[in-house]
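Novice: This structure is in structure tokens; I'll ask about it shortly.
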Amino acid sequence: MKNYINLSDIEDLPELLEDALKLKEHNSDPELGKGKTLGMLFFNPSLRTRLSTEKAAKLLGMEVMVMNVNSDGWALEFEDGVVMDSNKAEHIKEGAAVLSQYCDIIAVRAFPELKDKDKDNAEMVMNGFKEYASVPILNLESATGHPLQALTDALTILELKQVKRPKVVLTWAPHPRALPHAVPNSFVEMMQKMDVDFTITHPVGYELNSDVTKDTPIIHDQEEALKDADFVYVKNWSSYEHYGDVLRADNAWTFNLEKLQHTNNARVMHCLPVRRNIVIADEVLDSDNSVVIHQANNRTFAAQAVLKKLLKN
Amino acid sequence: MKNYINLSDIEDLPELLEDALKLKEHNSDPELGKGKTLGMLFFNPSLRTRLSTEKAAKLLGMEVMVMNVNSDGWALEFEDGVVMDSNKAEHIKEGAAVLSQYCDIIAVRAFPELKDKDKDNAEMVMNGFKEYASVPILNLESATGHPLQALTDALTILELKQVKRPKVVLTWAPHPRALPHAVPNSFVEMMQKMDVDFTITHPVGYELNSDVTKDTPIIHDQEEALKDADFVYVKNWSSYEHYGDVLRADNAWTFNLEKLQHTNNARVMHCLPVRRNIVIADEVLDSDNSVVIHQANNRTFAAQAVLKKLLKN
Amino acid sequence: MKNYINLSDIEDLPELLEDALKLKEHNSDPELGKGKTLGMLFFNPSLRTRLSTEKAAKLLGMEVMVMNVNSDGWALEFEDGVVMDSNKAEHIKEGAAVLSQYCDIIAVRAFPELKDKDKDNAEMVMNGFKEYASVPILNLESATGHPLQALTDALTILELKQVKRPKVVLTWAPHPRALPHAVPNSFVEMMQKMDVDFTITHPVGYELNSDVTKDTPIIHDQEEALKDADFVYVKNWSSYEHYGDVLRADNAWTFNLEKLQHTNNARVMHCLPVRRNIVIADEVLDSDNSVVIHQANNRTFAAQAVLKKLLKN
């Protein structure tokens, strides 16, 4: 594996998932990363991604250096050919090349601004690092994808499924703020790669990028979609068509006990952080159906499996 | 030891102090924490607590992950049953449970707001972590207590005392800002557990919580209280009755050479940081009577002894 | 070596440079720093200095603790004898003494304010740490010097020179903001110690401190100065005489391909971050003549050689 920026960077998904499960049982490679350094760059806040990836690297014996780019270092310029007279002191050409001197893998988190669809889709930050770094790049959530989360999600479904081909439903839920499409995008792409019966449900107007959803069934009747679901992934995202807009504020789509009762006693998943009683009701999060903590724990082993692949490259 | 949140979590104080002294002489357990991770969460600034606890953990072979919660991660909601439509993106229920997946011990610093006495006394943050984490919690200073500092203070007195039962005086001193009661509370509770002749002195109006001071003698005449003292602990705190108020701005209680002369050539202690020439005069801090740096050094070994107990649990 | 604050702290430059080159080839002392702790204190942002020094310490087996002083800890007071009623909660006397309890080496970055020449020249922060710490101090760039950068620069010239005594030119370049004199000062001092033909060129009004430049030739005609240069070090600095002022905004001194053609196919150096198309043109930075990334890589080995000396002291 050269980088882990998109799910398409995975060469053999079943093998990667199997390795993550094995690492969860037993940390078989505590010395693989000895003398190697992971540099973690945050343009945005992070709890799970930050700590699970740092932990995964240390489980492999790596050193970890963490930087909050905007406050600790210099604002980065990504435009090519520009006269650098703005507040951005360093160009990605130097930034990425220099970091490649100190780090064996560079991990980057950079959210979208949700104002200009084309700009966000261009993935300027992640692609800038990919182009100008000379070491592997690890995506810690970019403008349009969160492949470490999706690998965690696949791992969780693989571990907990009770039938060979479970029914998995991704359901939109409300949220007071405009959220990115990175998590749902990567989840959709991951489900398309797995042997699951996969459906997306959301209110009209919340269609995801059709280049991502492709021919995955989309049902606008949440109750109908949830019927017989073995896994329900609850997640908010802002409108993609009316880019970045929050189209509705009501709680009709909040995932509560009544919604759960339409399912086949489904396991309820969420990437976290989750706004209680808006996205998912207390009664569901505090029930045995919720696997969100189990899922968060799997972040470590998904990251560890990917870091192993990048180190072995 | 299950947690170290309050001094009441100590099962055997003499044994814990003895172990801290032994660790100071010789780092006997450099591998005890191997493969274990300490997560340190800061809601407020820290110098000594941060660095001494990080160092203590590494002396035990632990990995350490540090987060400034408010800037690095997501604002936490602590209220139960709330509809999470504020600026707080993550509930302590998930936050603590998730951190427990990545950390073997969670250390937390969270100061009081000093506006609402009942709210501060409820210790919402520390108790939230205690309730929802599945790993031991280490208090790095909470709204009402600073037990790591108190253990350091006990260690310092134990090391430096020249009589079996020294006279120890806690004296209030002025400060331009409203400070919490955490340090004096824990010092008072610690002295009550030790074989010392302990007195508190402060101006009228600066009474600490009587549930803490219990039957410890309180003398409002500073000169009388200081007479024959072997140790003087100088510390400011804001009013507890007029909660969070600074009642006086004069420097009559500043601890200077004249005050020192009332004592039995006392050792002068302070938790630091100390405002020079307001809390304690230069002439005292720069004299041989000051043991504040010795005391700060003991932070490492107090923390190491506590971490050992938590790891062995 | 007792400290590494100024270039005058170097006892034997050729030996130090040789050791840095050896460490680059082979990490010969991975255990020298075992059980030792480097504390890194940042009053200002840093990318290269931060990560290369952290990496260098870890290559020696040291533990590293990083603090952004202003946000993580307490604002420090450096004035002696002051009544501490300002927003500064901790005096350098305690700050440095306490850090010396937890760290075996203290590294400090503190930029000048560029408002008061005498104040900046007094190097209050660095000298405060030197005076009150009981462990070695490592300068990560101070008000008037950046000796780790200068050692890197010397290493780079030593590695890349093709004649015994190369011609080295330090040329001023424009910049939208007022920048410190630390990098040019230390570079000038380092070149004065080396067997090179060294010239400084800058517009009238941009004279550096004459106590630093001494009898180094200064030529105001950039083209003439660049003639036959083997190495060109491009760097902006604000006026020293009109202290901290930006005297001109035009790009006549921008280092571009035309300027390069006056040289002997010179290697182009810069400490980074560099403002493209203001300080140096894309066409030069993207050419084979630029060695800025090679130079940034050498930061690690310069820092490692210095840390070795400080550890062995």
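Residue numbers (full-length UniProt numbering), protein chains in the order written: chain A, 1 to 313; chain B, 1 to 313; chain C, 1 to 313.
Glycine residues also receive a C-beta, built at the ideal position from the N, C-alpha and C atoms.
1. Comparing the C-beta of K167 (chain A) with each C-beta of chain C, is any distance below 9 Å?
2. At a CB-CB cut-off below 9 Å, which residues of chain C make contact with N277 (chain B)?
3. Return the bridge partner residues of T199 (chain A) from the DSSP annotation.
4. Could you check if D118 (chain B) is buried or exposed, using at least 16 other CB atoms within 10 Å of its CB as the buried criterion?
5. Sort A:N121, A:V83, A:S186, A:Q304 by Cα distance to E283 (chain C) and report the nearest one.
6. Anything in chain B within Cβ reach of I5 (chain A), meaning under 8 Å, just list it in chain order.
7. With distances taken from CA atoms, which of A:Q101, A:E94, A:P166 is nearest Y132 (chain A)?
8. Out of B:R276, B:H294, B:V246, B:T263, point me to the one whose CA is closest to L114 (chain B)'s CA.
9. Find the nearest neighbour of N3 (chain A) within the set A:I105, A:L99, A:K58, judged by alpha-carbon distance.
10. CA-CA distance, S46 (chain B) and W74 (chain C)?
11. Taking C-beta pairs closer than 8 Å, name the residues in chain C that E63 (chain A) reaches, listed in chain order.
12. I'd like the span of the alpha helix (DSSP H) that includes L16 (chain A), first residue to last.
13. Can you give the Cα-Cα distance for F198 (chain C) and L32 (chain B), rounded to whole angstroms?
14. With distances taken between CB atoms, is the gap from V108 (chain C) to A150 (chain C) smaller than 9 Å?
15. Which residues, in chain order, does the region 96–120 of chain B contribute to contact with chain A at a C-beta distance below 9 Å?
16. Could you check the C-alpha separation between I10 (chain A) and F187 (chain C) for me, to the nearest Å?
17. Any beta carbon from chain A within less than 9 Å of D72 (chain B)'s own beta carbon?
18. Residues in the region 42–54 of chain C with C-beta within 8 Å of chain A's C-beta atoms, listed in sequence order?
19. Would a C-beta distance cut-off of 9 Å place L307 (chain A) and M62 (chain A) closer than the cut-off?
20. Please give the ranges of any alpha helix (DSSP H) in the region 209–276 of chain C, keeping only runs that are unbroken, at least 4 residues long and fully inside the region.
21. So A89 (chain B) contacts chain A; which residues on that side make the cut at Cβ distance below 8 Å?
22. Report yes or no: do the region 133–141 of chain B and the region 162–175 of chain B share at least 3 C-beta pairs separated by less than 8 Å?
23. Would you kindly report the start and end of the unbroken alpha helix (DSSP H) that includes R177 (chain A)?
24. Just the Cα atoms here: how many angstroms apart are E180 (chain A) and F111 (chain C)?
25. Go ahead and pull the three-state DSSP assignment for L111 (chain A).
26. Are the region 191–206 of chain C and the region 262–273 of chain C in contact at 8 Å, needing three or more beta carbon pairs?
27. Examine chain B for any beta-carbon lying closer than 9 Å to the beta-carbon of G35 (chain C), and answer yes or no.
28. Within the 9 Å Cβ cut-off, does V292 (chain B) reach chain C?
29. To which residues does DSSP link E63 (chain A) through a beta bridge?
30. Would you verify that the beta carbon of E31 (chain A) is, or is not, closer than 9 Å to some beta carbon of chain C?
31. With burial defined as no fewer than 16 other Cβ atoms inside 10 Å of the residue's Cβ, what is the status of residue 346 (chain C): buried or exposed?
32. Would you kindly work out how many angstroms separate the C-alpha atoms of Q101 (chain C) and N297 (chain B), rounded to a whole number?
33. Starting from N44 (chain A), follow the alpha helix (DSSP H) in both directions and report where the run begins and ends.
34. Using 8 Å as the cut-off, can you tell me whether the region 225–233 of chain A makes contact with the region 166–177 of chain A, which would need three or more C-beta pairs spanning the two stretches below that distance?
35. Using DSSP bridges, identify the partner residues of E77 (chain B).
36. Within 10 angstroms of its Cβ, does D29 (chain C) collect 16 or more other Cβ (buried), or is it exposed?
Specialist: According to the structure shown:
1. no
2. G81, V82, V83, M84, D85
3. A:V169
4. exposed
5. A:V83
6. None at all; the shortest Cβ gap to chain B is about 23 Å.
7. A:E94
8. B:V246
9. A:I105
10. 7 Å
11. K55, K58
12. 13–25
13. 56 Å
14. no
15. A97, V98, L99, S100, Q101, Y102, C103
16. 47 Å
17. yes
18. F42, P45, S46, L47, R48, R50, L51, S52, E54
19. yes
20. 210–213, 222–226, 257–260
21. P273, R275
22. no
23. Looking at the DSSP string, R177 (chain A) is not in any alpha helix (DSSP H), and its letter there is neither H nor E.
24. The identity of residue 180 (chain A) in the sequence shown is Pro, whereas the question assumes Glu. If you take the alpha carbons of P180 (chain A) and F111 (chain C), they lie about 38 Å apart.
25. In the sequence as presented, Leu is not what sits at residue 111 (chain A); that position holds Phe. The answer is coil: DSSP assigns F111 (chain A) none of H, G, I, E or B.
26. no
27. yes
28. yes
29. A:T37
30. no
31. Here chain C comprises residues numbered 1 to 313, so residue 346 (chain C) is not present and cannot be evaluated.
32. 5 Å
33. It is not in any alpha helix (DSSP H) - N44 (chain A) carries neither H nor E in the DSSP assignment.
34. yes
35. B:H91
36. buried
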